[in-house]
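Reading through the structure tokens given below for one structure.
In this note's numbering, the protein residues as written are 738 to 873.
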């Protein structure tokens with residue numbers, strides 16, 4: 738295994754996910770690429786400036802990178818714009834990821850049915866293995 742892509746949920750603190758990715762990277766010698774999507778599909782439809790959506794994603798990437806590097810893991814990260822699932826899959830293709838790591842959905846069962854679940858969408862659409870990590 739050479740490359741792990743971590744799909745980091747913008748605006749959330751997921752130290753357990755960073756730790757799981759770090760452990761996997763240490764076991765395999767892989768490098769980690771972190772991506773966080775701003776989730777903004779069509780900017781023209783939102784009166785809110787894009788920067789308002791990007792700031793939480795930027796902080797998430799920076800937090801993941803700091804935690805990974807503290808554990809001696811070689812890591813890089815990017816903030817991307819656009820829909821989450823499609824963006825993560827494109828990022829994983831570009832990085833030639835061996836696996837995509839993401840956190841389990843914290844939405845209620847009803848919300849997952851209505852709004853969807855990024856981990857489930859990744860599992861259903863990815864040509865690469867997807868490892869879903871649950872919170873402790």
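For each residue, glycine too, the CB sits at the ideal point set by N, CA and C. Everything numeric in this text was worked out from a predicted model, so none of it was measured.
Would you please state the rounded distance, in angstroms, between the beta carbons of residue i and residue j? I believe it to be under 8 angstroms.
i	j	result
residue 747	residue 776	6 angstroms
residue 837	residue 818	Not really, about 19 angstroms apart at Cβ, beyond 8 angstroms.
residue 829	residue 742	5 angstroms
residue 752	residue 804	6 angstroms
residue 768	residue 806	Their Cβ separation, rounded to whole angstroms, is 12 angstroms, which puts residue 768 and residue 806 out of contact at 8 angstroms.
residue 695	residue 859	Because residue 695 is not part of the residues shown, which for the chain are 738 to 873, the question remains open.
residue 839	residue 856	5 angstroms
Could you check where the alpha helix (DSSP H) with residue i kicks off and where it finishes?
i	result
residue 816	No alpha helix (DSSP H) holds residue 816; the beta strand (DSSP E) holding it covers 812-817.
residue 755	752-765
residue 829	821-832
I need the boundaries of the beta strand (DSSP E) containing residue i, first residue and last residue.
i	result
residue 777	Counting along the chain, residue 777 falls outside any beta strand (DSSP E), and DSSP gives it neither H nor E.
residue 840	836-840
residue 864	Taken as a continuous stretch (DSSP letters only), residue 864 belongs to no beta strand (DSSP E), as it is neither H nor E.
residue 744	740-744
Is it the case that the Cβ atoms of residue i and residue j are separated by a distance below 8 angstroms?
i	j	result
residue 927	residue 773	This structure leaves residue 927 out entirely; the chain is present only between 738 and 873.
residue 810	residue 759	yes
residue 794	residue 816	yes
residue 750	residue 800	yes
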